[in-house]
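In the UniProt record's numbering, the protein residues as written are 1 to 723.
The C-beta atom is built at its ideal place from N, Cα and C for all residues, glycine as well.
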Ligand code: SF4
């Protein structure tokens, strides 16, 4: 038996795993006791990874050969890699020649490795000359990115997991950590056991499992977080709980913010947020006066039409109270996906460039062009790229004609499915690069490219605490699957021959299908970080092999990374000061009204991951929640004569779905909740009275935050009636 150290491919906790294998077969998995994210623990998803990689599951679910459809709606046929990539190259080159580079787009994934992300980004922005490359991280973390940049000056979570052991107050907002980040939650439980005096406040419209450990649960009305944070600051000022010395020495913009929150009285905030004013005061006291306060937050803040404002106004509280840059204190966004952080580091999004550079900054564009060796006249384009919702809208409008989708399933996971599916149908050419043949998006592909996945891939990922871990290959790639970066490099090398030369030498000099090729890509990325806030010029793959996962920054000359940032009170802004975010509270984009009187919330279940292409292969992972349901408050159900298990029709302005109702006092009156994991295809085309069962994103709202462009997946106004 062989043992291989690698990383769990699910959530952003980034747990280390040891993969057991015999020959070509993965036979077991266990937590890596040496990995500083999990110290040997795994949750239900991580500990069953090997069961999702059996020969039987591989045969039933994996895409093992390139496939081409001669017509939409027909079964695809297997072809060879040369034919597949020649077809893709010819089609992309033709669209670029006929309609310009912005007529193509790439939609990639926070589950890709850093090396995959790097090559996709260079292909789009360096070779083709379009910024139309975005990722499902737009649905996950872009509000956290914008919130950090607007306040602290850089997309860098300042805290680390060890801060749980030093915090005296945990402020958990919009995060069901117990289910979405289970191993981190074990660490919270450990910290509470070791320090029973530590206070935990959970802010969530639902009473989730995370609330079980809370001293105080604030069940705010959906989308009212900014009002809550402003109200907390109002009380901190009134009670003299802010830190004027810290504010004066390390920040700017406090006076305007203080004036704004003047009107956010406890009475007003209690009324808007639907909470008790006494709980508001107690929360303000705990947050401001505890020796160290750590905020943990996730999609409840991010997936919002005011996501950046929610992130920024929470960070305001840390700056106003000096709860940052010390052990146990700071704002700490939890990453949803395993490598949303790594993707941001290499600039793999429509508005970003590598090493935390900004597309809108001409000097940054010039730096990246120089790093890539682009020849004169082949700059990184200045035109902003289309972000996720915009990208599919542009395809639906006919402006994007060729789309390359990798390692993600937008035909299930994007909001407003009707528009997304119209986009996929209208596109002239759709490439889907996937490990699994079972995703809804595969049905729309003209060309399917088979990718390696967990246990087969080689590269790196970065977890929520800025820690870079190796992903290692335990078994050979099955069938004709290839690493994502390798297939894209092969495509890019072919495309270079058809497009006007953008460089004197190939932009993609990586040895295909080898570990050395992946390491060369990572080394190129490493050099691009020199002098930046995430400088990793002191890190190497041999160092990761010898010393294990490392946190950034780790510049040349240092032997280890930095656990927490801003301990010196200096921020990566022009004047070294953090900036308060002065912004007005805005309610959710789609207000409840008589025709749509319920607030619909979405989120994760404990034992499933995303669209279930992997976890859905394992029966035991359905024992926790066997089917999709809409959860409602029992009084709302009684008022509509709906009983537990009755089929109900849930309707929004964008669509309707039918599913069983389930009563729950964890849901507030006038609210409802549907898990995000099931899509139309996962429900196997089941129908009720002629209506096909579909996933929650038939209903969800594509309205997005104007700063981060992250859509409001956490709220839509819906009607619910007995079907
Ligand atoms: Fe994997 Fe996240 Fe579970 Fe860790 S907590 S084992 S990273 S799913």
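Bridge-paired residues (DSSP) for residue i
i           : result
residue 217 : 202
residue 533 : Paired residues: none, contrary to the question.
residue 5   : 18
residue 59  : According to DSSP, which records beta bridges pairwise, residue 59 is partnered with nothing at all.
residue 720 : 650
residue 169 : 199 and 293
residue 578 : 251
residue 676 : BP columns for residue 676 are empty, so no partner.
residue 596 : 593
residue 436 : 62
residue 521 : For residue 521, which the question treats as bridged, DSSP gives no partner whatsoever.
residue 608 : DSSP output for residue 608 lists no bridge partner at all.
residue 26  : 21
residue 550 : 468
Helix, strand or coil at residue i [DSSP, three-state]
i           : result
residue 305 : coil
residue 86  : helix
residue 602 : strand
residue 183 : helix
residue 148 : helix
residue 404 : strand
residue 588 : coil
residue 494 : helix
residue 614 : coil
residue 570 : coil
residue 357 : strand
residue 331 : strand
residue 134 : strand
residue 141 : coil
residue 31  : strand
residue 341 : helix
residue 622 : helix
residue 78  : strand
residue 39  : coil
residue 324 : coil
residue 349 : coil
residue 526 : helix
residue 508 : coil
residue 735 : The requested residue 735 is not part of the displayed model; the chain covers only 1 to 723.
residue 68  : strand
residue 94  : helix
residue 362 : helix
residue 710 : coil
Closer than 7 Å to chain B by CB, residue i
i           : result
residue 703 : Protein chains in the displayed structure number just one, and chain B is not present.
Any heavy atom of the ligand SF4 nearer than 6 Å to the CB - residues listed: Every residue with a CB closer than 6 Å to a heavy atom of the ligand SF4 is listed here in chain order: 8, 10, 11, 13, 14, 15, 38, 42, 43, 45, 46, 181, 182 and 183.
Say whether the segment 580-590 touches the segment 384-402, bearing in mind that this needs 3 or more beta-carbon pairs closer than 8 Å, one atom from each stretch. Look at the beta carbons and you see the segment 580-590 not touching the segment 384-402: under three pairs across the two are nearer than 8 Å.
Pair every Cβ in the segment 112-125 with every Cβ in the segment 345-356, then say whether three or more of these pairs are closer than 8 Å. Short answer: they touch.
Assess contact between the segment 41-51 and the segment 5-17, defined as three or more Cβ pairs (one per stretch) separated by less than 8 Å. Is contact present? By the Cβ criterion, the segment 41-51 is in contact with the segment 5-17, since at least three pairs of Cβ atoms, one from each stretch, lie closer than 8 Å.
What alpha helix (DSSP H) runs, 4 residues minimum, are completely inside the segment 102-129? Within the segment 102-129, complete alpha helix (DSSP H) segments of at least 4 residues are found at 114-121, given in chain order.
Three CB pairs or more closer than 8 Å across the segment 648-664 and the segment 696-712: At 8 Å Cβ cutoff, the stretches touch.
Please go through the segment 443-487 and give each complete beta strand (DSSP E) segment of 3 or more residues, from N-terminal end onward. As far as the segment 443-487 is concerned, its whole beta strand (DSSP E) runs of at least 3 residues are 447-450, 459-462 and 467-471.
Whole beta strand (DSSP E) runs in the segment 219-307 with 3 or more residues, listed along the chain? DSSP runs (the beta strand (DSSP E)) wholly in the segment 219-307: 293-297.
Which ranges would you report for the beta strand (DSSP E) in the segment 626-673 if only whole runs of at least 3 residues count? At a cut-off of 3 residues, the continuous stretches assigned as beta strand (DSSP E) that sit fully inside the segment 626-673 are 630-632, 647-651 and 656-663.
Taking 8 Å as the threshold, find out whether the segment 59-68 comes into contact with the segment 473-483 through three or more Cβ pairs. With the cut-off at 8 Å, the segment 59-68 and the segment 473-483 touch.
Just to confirm the assignment: which complete alpha helix (DSSP H) runs, minimum length 4, are found wholly within the segment 365-432? Counting only unbroken stretches of 4 or more residues, the alpha helix (DSSP H) elements lying wholly within the segment 365-432 are 388-396, 410-413 and 417-426, in sequence order.
The segment 638-648 contacting the segment 601-619, beta-carbon criterion three pairs below 8 Å: In the pairwise beta carbon analysis, the segment 638-648 is classified as not touching the segment 601-619: fewer than three pairs are separated by under 8 Å.
Validate contact between the segment 242-252 and the segment 196-208 using beta carbons, cut 8 Å, 3 pairs: These segments do not touch.
Is the segment 66-80 close to the segment 442-453, with three or more CB pairs under 8 Å? Note that the segment 66-80 touches the segment 442-453; at least 3 beta-carbon pairs, one per stretch, sit closer than 8 Å.
For the structure I just gave you, are there three or more beta carbon pairs, one from the segment 355-365 and one from the segment 325-336, closer than 8 Å? No, the segment 355-365 is not in contact with the segment 325-336.
Below 8 Å, how does it come out for the segment 97-111 and the segment 393-405: are there three or more Cβ pairs, yes or no? Cβ pair count under 8 Å is three or more, so yes.
Stretch pair the segment 662-681 + the segment 598-606: three plus CB contacts closer than 8 Å: In the pairwise beta carbon analysis, the segment 662-681 is classified as touching the segment 598-606: at least three pairs are separated by under 8 Å.
Given 8 Å, three or more beta-carbon pairs between the segment 461-472 and the segment 148-160: Yes: at least three Cβ pairs fall under 8 Å.
Please confirm if the segment 13-27 is in contact with the segment 435-448, defined as three or more CB-CB distances below 8 Å between the two stretches. No, because fewer than three Cβ pairs between the segment 13-27 and the segment 435-448 fall closer than 8 Å, the two stretches do not touch.
Counting Cβ pairs, one atom from each stretch, are 3 or more of them under 8 Å apart for the segment 574-583 and the segment 310-325? These segments touch.
Using 8 Å as the Cβ pair cut-off and three pairs as the minimum, do the segment 283-293 and the segment 321-330 touch? These segments touch.
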